[in-house]
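Have a look at the structure below before the remarks.
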Amino acid sequence: MKVYYVTAVDIAIPGGAQVNEREFVTTLIRQYPDQVHCILPRPSTALAELVGAPVSYLPQAPKGNLLSYLSFEWNLYQTVRKLLQEQGTDSQSILAMRPTPTTILLPWYAQRNHIAFSLRVAGAFPEPTLIRNKVPAPLVPVTSWALLESIRWRSERTTAFVAVTQTIVRQYVERLGIEAKKFTVIPNGVNIQLFTPRDQQQTREKLGLTRFKHWIGYVGSLMGNRGISQIIDAAKYLSTLRSDIGFLIVGGGAGNEDQSTFQALVKEAGLEDQFVFVGWIPYDQVALHIGAFDIGLATFPKEKMRWSGSASQKVRQYLACGVPVVASRGDGHEFIQNDHLGLCIEAEDPHEFGQAILSLLELSAEQKLHHREHARQYALDHLSMEKVVSEYMHVWASSLPQAAPHTAQNSAKQYL
Numbered sequence: 030m031k032v033y034y035v036t037a038v039d040i041a042i043p044g045g046a047q048v049n050e051r052e053f054v055t056t057l058i059r060q061y062p063d064q065v066h067c068i069l070p071r072p073s074t075a076l077a078e079l080v081g082a083p084v085s086y087l088p089q090a091p092k093g094n095l096l097s098y099l100s101f102e103w104n105l106y107q108t109v110r111k112l113l114q115e116q117g118t119d120s121q122s123i124l125a126m127r128p129t130p131t132t133i134l135l136p137w138y139a140q141r142n143h144i145a146f147s148l149r150v151a152g153a154f155p156e157p158t159l160i161r162n163k164v165p166a167p168l169v170p171v172t173s174w175a176l177l178e179s180i181r182w183r184s185e186r187t188t189a190f191v192a193v194t195q196t197i198v199r200q201y202v203e204r205l206g207i208e209a210k211k212f213t214v215i216p217n218g219v220n221i222q223l224f225t226p227r228d229q230q231q232t233r234e235k236l237g238l239t240r241f242k243h244w245i246g247y248v249g250s251l252m253g254n255r256g257i258s259q260i261i262d263a264a265k266y267l268s269t270l271r272s273d274i275g276f277l278i279v280g281g282g283a284g285n286e287d288q289s290t291f292q293a294l295v296k297e298a299g300l301e302d303q304f305v306f307v308g309w310i311p312y313d314q315v316a317l318h319i320g321a322f323d324i325g326l327a328t329f330p331k332e333k334m335r336w337s338g339s340a341s342q343k344v345r346q347y348l349a350c351g352v353p354v355v356a357s358r359g360d361g362h363e364f365i366q367n368d369h370l371g372l373c374i375e376a377e378d379p380h381e382f383g384q385a386i387l388s389l390l391e392l393s394a395e396q397k398l399h400h401r402e403h404a405r406q407y408a409l410d411h412l413s414m415e416k417v418v419s420e421y422m423h424v425w426a427s428s429l430p431q432a433a434p435h436t437a438q439n440s441a442k443q444y445l
């Protein structure tokens, strides 16, 4: 099998989806150097992992507007067509990609040339509320319709899908009528070499976090609705019960505007002493900060969980560092409670949220050690990026002509 994997992401950007894509691409190349060729935008910063790797570069990643995406689409099509003509394709070739909003030419090219085509789907459908900042208001309805139809068009020409949550699969099945048997659910993975347990006390001393006995932490973007307001509400509830709990918020929004907004909310709640906002930090420093946590938070609002579910990378990073998790109830988080890795709650309920934190903090030292060891071992066994990439390769191989049917336990048809 020969896999040509395409992404529009600048994998040098140190945050969010870009980091997840970087880990995916570099692991894919490292694990299967003779079976994989990646096509991606030239990274804005040179990456040592790509030196000498089987990679073809595009001029730059799309900038977020429609014209930029269309230009990228054309350059991508020309690059892929030339590459595949030079290398040649057969029945054991597959073209796989993480789609952009305007992905049309590659599925058409694959269908025309009888090449298997797979999509890696990591996000929910674009809704009018999500594109209002991208186009003039009068164009929102027609743009939303056009994007949905483009998704339908490419989906009908896709051999196999991999989605990160069951909720995303349901959208494709219920809204577009795509067959469930085409889907496999494979959540995101984590770099288990980078994210490892640390001595908590030494880490706190190194970071100057000696004010409180316990630290509850969040890592990730503050942009959009990530549940930071709910964390503040839970902290306000806990402040009426305990005075030894601090909250460490690691990450930022565009220009740190969101950080300022949440700092104002913290001040309004009278919790300035309980919160430390670290802001943006380099990716290789994230594990250090997680090492200071007693508990990691992934408490997204109901609306986000309802719309897309969660395959949150932060959950996997916490667990790889041996940190138990308090997370929102919903698709993609069930394993946290089912496999005794933490607790799931309604983020909008400060009492339930706060009590979940207390229940984990009040465990005995022996129980806490067991939780940390169990979390780390679970990450090694189930959440590594190496395991994720292996599952993708199996799905792609199974989608080729005359391949054996895919029977992985996480086949999406079980979830519908």
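FYI, the numbering for the sequence shown is 30 to 445, going by our numbering.
Ideal Cβ positions, reconstructed from N, Cα and C, are used throughout, including at glycine.
How close, in whole Å, do the beta carbons of residue i and residue j come, if the pair is a contact with beta carbons under 8 Å?
i           : j           : result
residue 309 : residue 280 : 7 Å
residue 193 : residue 340 : 4 Å
residue 71  : residue 87  : 7 Å
residue 407 : residue 348 : 6 Å
residue 83  : residue 58  : 7 Å
residue 99  : residue 55  : With 8 Å as the limit, residue 99 and residue 55 do not qualify as a contact, their Cβ atoms being about 28 Å apart.
residue 292 : residue 376 : Actually they do not touch by this definition, with Cβ atoms about 20 Å apart.
For residue i, does the count of other Cβ atoms within 10 angstroms reach 16, so buried, or fall short, so exposed?
i           : result
residue 52  : buried
residue 262 : buried
residue 256 : buried
residue 342 : buried
residue 301 : exposed
residue 240 : exposed
residue 425 : buried
residue 145 : buried
residue 335 : exposed
residue 171 : exposed
residue 409 : exposed
residue 344 : buried
residue 235 : exposed
residue 318 : buried
residue 299 : exposed
residue 272 : exposed
residue 380 : exposed
residue 431 : exposed
residue 211 : buried
residue 34  : buried
residue 188 : buried
residue 237 : exposed
residue 362 : buried
residue 351 : buried
residue 220 : buried
residue 325 : buried
residue 73  : exposed
residue 66  : buried
Taking C-beta to C-beta, are residue i and residue j nearer than 8 Å?
i           : j           : result
residue 101 : residue 148 : no
residue 278 : residue 420 : no
residue 7   : residue 365 : For residue 7 there is no data in the structure shown, the boundaries of the chain being 30 and 445.
residue 140 : residue 429 : no
residue 217 : residue 48  : no
residue 322 : residue 246 : yes
residue 133 : residue 183 : yes
residue 32  : residue 60  : no
residue 40  : residue 69  : yes
residue 37  : residue 75  : no
residue 250 : residue 93  : no
residue 327 : residue 354 : yes
residue 356 : residue 373 : yes
residue 137 : residue 186 : yes
residue 401 : residue 226 : yes
Following the continuous alpha helix (DSSP H) through residue i, name the residue where it begins and the one where it ends.
i           : result
residue 224 : Unbroken run through residue 224: none, as it is neither H nor E.
residue 197 : 195-205
residue 215 : Counting along the chain, residue 215 falls outside any alpha helix (DSSP H), and DSSP gives it neither H nor E.
residue 170 : 169-184
residue 45  : 45-60
residue 85  : Premise fails: residue 85 lies in the beta strand (DSSP E), 84-87, not in any alpha helix (DSSP H).
residue 386 : 379-390
residue 40  : Residue 40 -> no alpha helix (DSSP H), and no H or E assigned at all.
residue 424 : 414-427
residue 133 : No alpha helix (DSSP H) holds residue 133; DSSP gives it neither H nor E.
residue 262 : 257-268
residue 99  : 95-116
Any idea which residues DSSP pairs residue i with across the strands?
i           : result
residue 122 : 31
residue 189 : 147
residue 356 : 327, 373
residue 361 : DSSP, once it has assigned bridges, lists no residue as partnering residue 361.
residue 66  : 33
residue 280 : 308
residue 274 : 243
In the DSSP assignment, find the unbroken beta strand (DSSP E) run with residue i in it and report its ends.
i           : result
residue 247 : 243-248
residue 326 : 324-327
residue 305 : 304-308
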